[in-house]
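Chemist: What follows is a single structure, and I will ask about it in a moment.
Numbering (UniProt numbering), first residue to last: 1 to 94.
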């Protein structure tokens, strides 16, 4: 189960980073639209964790709902960090 959670988290992190970078390039510099995929994945992770405590054992692709929640929160954290750093360096006035 640990390996599947790491795999799911890595795939979600790459997806969040790619979508966020595309949104950062497509929108204006004053817009916060590039952060929405990370926020959405983070909220989804919280919902998965809440459902895992209420519902019994449910497995999806080798990981329980708690594992999906942890993987989603990991992906959101990594995605938001990379998005924030990219946005910061893109908008620096040097």
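For every residue, glycine included, the Cβ atom is placed at its ideal position computed from N, Cα and C. Small disclaimer: the values here were computed from a predicted structure and weren't measured.
Return the CA-CA distance between residue 95 and residue 72, expressed in angstroms with no decimal places.
Modeler: Residue coverage of the chain in this structure runs from 1 to 94, which leaves residue 95 outside it and unanswerable.
Chemist: What residues are listed by DSSP as bridge partners for residue 63?
Modeler: Bridge partners of residue 63: 60.
Chemist: Answer yes or no: do residue 34 and residue 24 have a C-beta to C-beta separation smaller than 8 Å?
Modeler: It is a contact, given that the beta carbons lie within the stated cut-off.
Chemist: Cα separation between residue 19 and residue 80?
Modeler: Taking the straight line from one Cα to the other gives about 11 Å.
Chemist: Is residue 50 helix, strand or coil by DSSP?
Modeler: Of the three classes helix, strand and coil, the one that applies to residue 50 here is helix, per DSSP.
Chemist: Restricting to Cα atoms, I'd like to know which of 10, 4, 13 and 31 is closest to residue 87.
Modeler: Closest by alpha carbon: 31.
Chemist: By Cβ distance below 7 Å, which residues in the same chain neighbour residue 60 in space, the five residues on each side in sequence not counted?
Modeler: So the qualifying residues of the chain are 68.
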